[in-house]
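Position one of the sequence shown corresponds to residue 409 (the numbering used here), numbered consecutively onward.
Note that CB positions come from ideal geometry on N, CA and C, so glycine has one too.
Note that the structure is a prediction, hence the values are computed from the model and not measured.
Right, one structure below, let's go through it.
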Amino acid sequence: MRKVAERDGVGTVGCIVNSVFTAREVARIVGDSCGDEAVILWVGPMRPRDLESIRDSHRELFTAVDDRDREIRVIVSTQTLEVGVDIDLAALVTELAPGSSLAQRAGRVNRLGRRDRGDCVVLLPDSVPTASTGPYQQDELADGFEWLKRRADDPAGFAPIRLVDDPPPPRARRRPVLSRLELGTAQYLSSTSETEVGDVELDFWIRDDLRDNDLGLGMVRRSPLPVDDIDALALLRATPIVADEIYPVKINTARDVVESVIRTARQPFARVFRERAGELEIVDLSGLEGIEIRPGDILIVDGEHRIVDNQVITARDGEAPGDTAWAARGRFAEVFVDGHAADWITLRETAEAMYDARENPPEGMADDEAVQAAAERVLKSRCDTDRPVRGTVPPLPDDQSTRLGWAVVTEVDADKTDEETRQVWTGPPVPLQKHRIAVAECARELGRKLGLSDLLADVLYSAGLLHDEGKRHSEFQRILAAQPGEVLAKSGARDAGVPRRRRSGVGLVRGWRHEQLSVVYAAAELESTPVEIRDLVLRLVGTSHGRGRMGFALGSTDVLAGETQQWSALAAELFDEGSWDELMEATDRRWGTWTCAYLEAVLRAADCMVSKEGS
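Spelled out as structure tokens, the structure:
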């Protein structure tokens, strides 16, 4: 590879291999020869934040501009470099792969045509492959071998114009029979945001290969975590995992890490937390048969463990702990944990301020709001940021001698990315009339730009006007702290936590959804509308926040919650006598499952867009 690079003079040589292990070893060997600073490792099991950091540090290399990166001599990668990366390599050295993969890899070389030549060197076995390698099967490697031998006789090699006449052999489909998605299954899969007895396995429908070998999960390293497991679990719940900090890991590798590193570690670090389907729990490591993990799980471990080598999780020969920041891109402005550095000073001051606020709350402020406001004042003073922040702390212990275990300062803008939060808070108060008109107009405009008929665009407009009518309920307006004479769609509280805390003090039962009440109001409003249009609008109103497709949990009495009873008969018909379920079935038959799901997505997109803009 050094000779290939020197032949070009200036430029980066790509080395693409078929396994992460090989990539790591090649990067280490080339680094010993050329210098570690001249080599980049770019593989799938790296965290997105690490890949982004490399991209930011070498923008010339990853933008294929004329001023090419002169620092990086070699980039070592797996098949992740074949697509999705804008790079112009000076030359390429690659392992044998299927013909289509080799053509993709060659397409990374001299992409802009600025060089006279772009060498591609393929390392071949002495004979036709008889075994699988990495993610590739023996038969597709054999086909690639034969095709490559033929291309080697042509001086043009991998030139794109020549591949038109001699294309690479197609990769064999590993799933010869694809399952048909029946209507009932489509309806079931469309029921997002519902509480299910078991997880919906989408892999069965979208994967071409159902072998278990390639299934994986994620690992996250967090440090510091409280010594107490329950306290640590509470902190993890307050600091949700973000995609940028997840290491993609194969299941077998994860098991090796847990068995050979985590289980044998010194206390209190011999522990694993698991996130599955949005739920966090502590994993029991006491059994001898090993832990139970599934594809899609996220395992969280202490950052003390040496399980990272070249930014990839490994059970052996790991390097120093390295970067274990709480979340990528500064979502959490600061995390304070008792017992680390000077954190105990911050936590003591926070606890003292909270105790004082609980004993002497400001006039007109509820106790819980006063306590939260006191915590935020202290934490904001400790956080070096100009942006609005929100403080999160565990419940204040009754024993004042007990020190606060942890505290988190979250930048307020992070809450704006949460769709549920945006239903009640955007910062400044938003009148319901303003919000409903903005969503209706946005939904209709989106529908028109997507090529929907005028009829369906008007349906979206009507649904947008009515989707939040249930927020008019007097108890919900108390949550939003509306003043007499005003009806709000969004609270004017200083942060998103205030409406959540107010909810516990109002007369709405657990599970109450404003969009369910919106259906009642909308049904009365659309009484004279043709039934096909009326039912579709009602469906969009009721499912506007992802729920309701499999029915609502509450009956008419709880939905109305003491509000005026003029709609009691209509609410009973919808949610006690089964009209809502019949409506869902009727709209599926009349408009189709796919059309209904599409319209629901457009309306939700419009609502999210308007809410994110602060309206």
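Proximity of residue i and residue j at Cβ, strictly below 8 Å
i, j, result
"Leu812", "Asp746", "yes"
"Cys850", "Ala1014", "yes"
"Val927", "Leu864", "no"
"Gly507", "Gly565", "no"
"Thr600", "Gly954", "yes"
"Asp664", "Ala723", "yes"
"Pro679", "Leu693", "Strictly speaking, residue 679 in this sequence is Arg, with Pro absent from that position. In this structure, Leu693 lies closer than 8 Å to Arg679 by Cβ."
"Val447", "Ala435", "yes"
"Ala662", "Pro456", "no"
"Glu683", "Ile708", "yes"
"Asp966", "Val917", "yes"
"Leu978", "Ala932", "yes"
"Leu384", "Ala871", "Only positions 409 to 1023 of the chain appear in the structure, and residue 384 is not among them; the question remains open."
"Ala815", "Leu787", "yes"
"Thr502", "Ser631", "no"
"His713", "Val669", "yes"
"Asp710", "Phe740", "no"
"Ala640", "Pro576", "no"
"Leu500", "Arg481", "no"
"Pro533", "Leu504", "yes"
"Ile941", "Val838", "no"
"Glu548", "Arg570", "no"
"Asn718", "Leu449", "yes"
Chain-order list of residues whose beta-carbon lies under 7 Å from that of residue i (same chain, five-residue window excluded)
i, result
"Ser509", "Gln487, Glu490"
"Pro720", "First, the residue type needs correcting, since residue 720 is Val and not Pro in the sequence shown. Once the five neighbours on either side are set aside, the close Cβ partners of Val720 are Val428, Arg432, Val451, Pro453, Met454."
"Pro769", "Asp775, Ala778"
"Leu589", "Trp613"
"Gly704", "Leu625"
"Glu414", "Because Glu414 carries a pLDDT of 45, less than 50, the predicted location of this residue cannot be relied on, and no value is offered for it."
"Ala994", "Asp943"
"Ala848", "Tyr869, Gly872, Leu873"
Per-residue burial, residue i [other beta carbons within 10 Å of its own, 16 or more giving buried]
i, result
"Ala1005", "buried"
"Ile424", "buried"
"Leu591", "exposed"
"Ala822", "Residue placement at Ala822 is poorly supported in this model, since its pLDDT is 49, which falls under 50; the coordinates are not used for a value here."
"Ala560", "exposed"
"Ile706", "buried"
"Gly986", "exposed"
"Asp943", "buried"
"Met627", "buried"
"Thr538", "exposed"
"Asp475", "Only weak support is given to the placement of Asp475: the predicted model assigns it a pLDDT of 47, under 50, and the question is left unresolved by the model."
"Trp555", "buried"
"Pro634", "buried"
"Val412", "Confidence is the limiting factor: at Val412 the pLDDT is only 48, short of 50, which leaves the residue's position unreliable and the question unanswerable from this model."
"Thr800", "buried"
"Glu877", "buried"
"Asp416", "Per-residue confidence for Asp416 stands at a pLDDT of 47, beneath the threshold of 50, marking its modelled position as unreliable; no derived number is given."
"Thr672", "exposed"
"Trp1002", "exposed"
"Lys879", "buried"
"Ile437", "exposed"
"Ala567", "exposed"
"Arg852", "buried"
Same chain only: Cβ atoms within 8 Å of residue i, ignoring 5 sequence neighbours per side
i, result
"Gly842", "Checking the sequence, you will find Lys at residue 842 rather than Gly. Hits under 8 Å: Ala897, Ser1023."
"Gly406", "Because the chain spans 409 through 1023 in this model, residue 406 falls outside it and cannot be assessed."
"Arg766", "Asp775, Ala778, Val779, Leu804"
"Arg558", "Asp574"
6 Å CB neighbourhood of residue i in its chain, flanking five on each side removed
i, result
"Ala980", "Ser964"
"Glu971", "His881"
"Ile715", "Val665, Val669, Ile721, Gly726"
"Asn621", "Annotation note: pLDDT 49 at Asn621 (below 50); position unreliable, coordinate value reported separately. Excluding sequence neighbours, Asn621 sits near nothing in its chain."
"Tyr655", "Arg455, Met627, Ile721"
Rounded Cβ spacing between residue i and residue j (contact assumed at less than 8 Å)
i, j, result
"Val691", "Phe681", "7 Å"
"Gly919", "Leu962", "6 Å"
"Arg856", "Val820", "So it is not a contact: roughly 34 Å between Cβ atoms."
"Leu948", "Leu1007", "6 Å"
"Leu840", "Val914", "In fact, because the Cβ distance is near 17 Å, the residues do not count as touching under 8 Å."
"Leu1033", "Arg629", "Lying before the first or after the last residue shown, residue 1033 is absent from the chain, which here runs from 409 to 1023."
"Phe470", "Asp494", "6 Å"
"Glu445", "Glu479", "7 Å"
Residue-level contact to chain C via CB, residue i, 8 Å cutoff
i, result
"Pro770", "Structure shown: chain C not included; a single protein chain is present."
Quiz prompt | Cβ pair count under 8 Å reaching 3, the segment 698–715 against the segment 753–764 | solution = With a cut-off of 8 Å on Cβ pairs, the segment 698–715 is not in contact with the segment 753–764, counting fewer than three such pairs.
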